[in-house]
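The structure appears right after this line, and notes come after that.
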Amino acid sequence: MPELPEVETVRRGLEARIRGRTIDGAAVAANRVFQVDPQWLRRQIVGQKVVALDRRGKYLVIELDDWYWIVHLGMTGQLTVKPKDASGTVSERGKNRSPDIAAALDRHTPFVVCFTTGEVMTFRDVRKFGRVFLFAKKQEALTGLFGSLGLEPFDSSYRLEEFLRKLRGRKTRIKSMLLNQGFVAGVGNIYADEALFEAGLHPARTVRSLRRAEKEALFRAIPEVLERGMLYGGTTLRDYVGSDGEPGQNQNGLRVYGRDERRCYRCGTVIQKMVISQRGTHYCPSCQPRSRKKEKLNDIRTSAA
DNA sequence: AACCTTCCCTGATGGC
DNA sequence: TGCCATCAGGGAAGGT
458 MPELPEVETV RRGLEARIRG RTIDGAAVAA NRVFQVDPQW LRRQIVGQKV VALDRRGKYL
518 VIELDDWYWI VHLGMTGQLT VKPKDASGTV SERGKNRSPD IAAALDRHTP FVVCFTTGEV
578 MTFRDVRKFG RVFLFAKKQE ALTGLFGSLG LEPFDSSYRL EEFLRKLRGR KTRIKSMLLN
638 QGFVAGVGNI YADEALFEAG LHPARTVRSL RRAEKEALFR AIPEVLERGM LYGGTTLRDY
698 VGSDGEPGQN QNGLRVYGRD ERRCYRCGTV IQKMVISQRG THYCPSCQPR SRKKEKLNDI
758 RTSAA
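Converting from the first sequence to this note's numbering requires adding 457 to each position, the first position being numbered 1.
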């Protein structure tokens, strides 16, 4: 599922492929992913240049001359760019190529865009959990969409004091907290489990049961597992692909997610699976003890090893 | 306000 | 072979 590392991988890929390019034509199909009228969106983006590519949490921001074009990949969204044809045909300026690309639309493909330089960008989303927005730059509409998002893990604003402040007074379980985008933006089910493993915390622990050192460990673990995800080009379990259409490799580096019934790489204990917030939650019962008593025993074992 | 549950959506999978 | 139930989950909406 596209979480921060997957979205960031797509962002970087798009930066290399379409930044500075001008949209020559676009084709759109009615689809619930559109949060604005798709035909209106098409009219606004054609002729616009891609000025920059940004990301906030799991949202991808394609900055055009006059618009913020925002795409959330949801569960199965794929935003890919094909380089210009080997034939090297580049459209003449002003010639709208959308009739050519309209053929690529189908019930899982809400839009296709071509650039004056010949690249073709396609958005496909089988489960339709993705979202597409278009906001005029002049308005401050981004505040509405991003206003409730939490800390950005690789921003200078990601500071321990803020992290602790957001945890203050919370009574929910730490796994649920991590899934809340208002806490740390961009963490989803996979990296939540991975971060909790890295920090040695049982996912069912309540926020208020955590001691300061444990919160600090989590604060450090989050960027660590996200960074590893990006290093391997994201995690592909089924649908995720980068902007080049290629899957990521981080699924091979996961410590607990999807590894239930298998042995922990660190201690050999069998990884368990439970459900928290209606999400599959994977953990090592030995490395991530629920009680302090077990935790102490674990510390002794670790220091003895 | 915080927290939890339900729902959306469809392909893959397993049981019979 | 085919049919049906179940599962996966990000985030909005609705309820407590």
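Backbone N, C-alpha and C fix where the C-beta goes; we use that ideal spot for every residue, glycine too.
Remember, it's a predicted structure, so these values are computed and weren't measured experimentally.
Strand pairing of GLY737, partner residues [DSSP]:
VAL732
If you measure between the beta carbons of ILE631 and TYR714, is that distance less than 7 Å?
No; because the gap between Cβ atoms is not below 7 Å, this pair is not in contact.
Using the rule of at least 16 other Cβ atoms within 10 Å of the residue's Cβ for burial, across every protein chain shown, is GLY607 buried or exposed?
buried
Check each candidate in CYS741, GLU671, MET634 and SER748 and name the one with the smallest Cα separation from ILE733.
MET634
Report back the beta-carbon spacing between VAL485 and GLN496 to the nearest angstrom; my notes put them in contact at under 8 Å.
Right, the Cβ-Cβ distance comes to about 7 Å (below 8 Å), so this counts as a contact.
Would you call the region 505-522 and the region 464-475 in contact, with 3 or more CB pairs under 8 Å?
yes
Please return the same chain residues whose Cβ sits closer than 7 Å to the Cβ of ARG662, not counting the five positions on each side in sequence.
ARG630, ILE631 and ARG747
Distance, Cα to Cα, GLY705 vs CYS744?
27 Å
By DSSP, does TYR615 sit in helix, in strand, or in coil?
coil
Going along the chain, which residues of its own chain have a beta-carbon closer than 8 Å to the beta-carbon of PRO680, five neighbours each way excluded?
PRO610, PHE611 and TYR615
Measuring straight from C-alpha to C-alpha, what distance separates GLY690 and ASN707?
Distance from the CA of GLY690 to the CA of ASN707, rounded to the nearest whole angstrom, comes to 7 Å.
Just how far apart, CA to CA, sit GLU460 and ARG489?
Linking GLU460 to ARG489 through their CA atoms gives a straight-line distance of about 21 Å.
Taking Cβ to Cβ, would you say LEU517 is nearer than 7 Å to VAL528?
yes
Between the beta-carbon of GLY575 and the beta-carbon of LYS539, is there less than 7 Å?
no
For the region 663-705, list the alpha helix (DSSP H) runs that are entirely contained and at least 4 residues long, ordered along the chain.
669-688
Return the residue from the list GLN735, TYR740 and MET731 that minimises the CA-CA distance to CYS721.
TYR740
Three-state secondary structure assigned by DSSP to VAL464
helix
Buried/exposed call for SER605, threshold 16 Cβ in 10 Å:
exposed
Report yes if the C-beta distance between THR693 and GLY686 is below 7 Å; otherwise report no.
A distance of 7 Å or more separates the beta carbons of THR693 and GLY686.
Report the option in MET532, GLU671, VAL577 and LEU562 whose CA atom is closest to the CA atom of GLY482.
Checked all of MET532, GLU671, VAL577 and LEU562; the closest Cα to GLY482 is VAL577.
Just mark SER544 as buried or exposed, buried being the case when its beta carbon has 16 or more other beta carbons within 10 Å.
Unreliable placement is indicated for SER544, whose pLDDT of 49 sits below 50; the coordinate value is still reported in the next sentence. Classification of SER544: exposed, given that the 10 Å Cβ count is below 16.
Once you ignore the five residues that flank PHE640 on each side, which residues in its own chain have a CB closer than 6 Å to its CB?
GLY607, LYS623 and MET634
Within 10 angstroms of the Cβ of LEU621, are there 16 or more other Cβ atoms? Answer buried if so, exposed if not.
Around the beta carbon of LEU621, a 10 Å sphere encloses fewer than 16 other beta carbons of the protein chains shown; the residue is thus reported as exposed.
Mind checking whether THR476 and VAL507 have CB atoms under 7 Å apart?
Residue identity check: residue 476 is Arg in the sequence provided, not Thr. In this structure, the beta-carbon distance from ARG476 to VAL507 falls below 7 Å.
Using the Cβ count rule (16 or more neighbours within 10 Å means buried), how would you classify GLN735?
Classified as exposed, GLN735 has fewer than 16 neighbouring CB atoms from the shown chains inside 10 Å of its CB.
I'd like to know whether the C-beta atoms of ILE535 and ARG581 end up nearer to each other than 7 Å.
Checking the sequence shown, residue 535 turns out to be Gln, not Ile. Their beta carbons are under 7 Å apart, which means GLN535 touches ARG581 by this criterion.
7 Å CB neighbourhood of PHE676 in its chain, flanking five on each side removed:
LEU617 and PHE620
Specify the secondary structure class of GLU655 as computed by DSSP and reduced to three states.
helix
Between GLU671 and ALA656, which are expected to be in contact by the criterion C-beta below 8 Å, what is the C-beta distance as a whole number of angstroms?
7 Å
Note down the Cα distance separating ALA674 from ARG716, rounded to an integer number of angstroms.
In this structure, the alpha-carbon of ALA674 lies about 22 Å from that of ARG716.
Among all the DSSP beta bridges, which residues are the ones paired with LEU536?
PHE580
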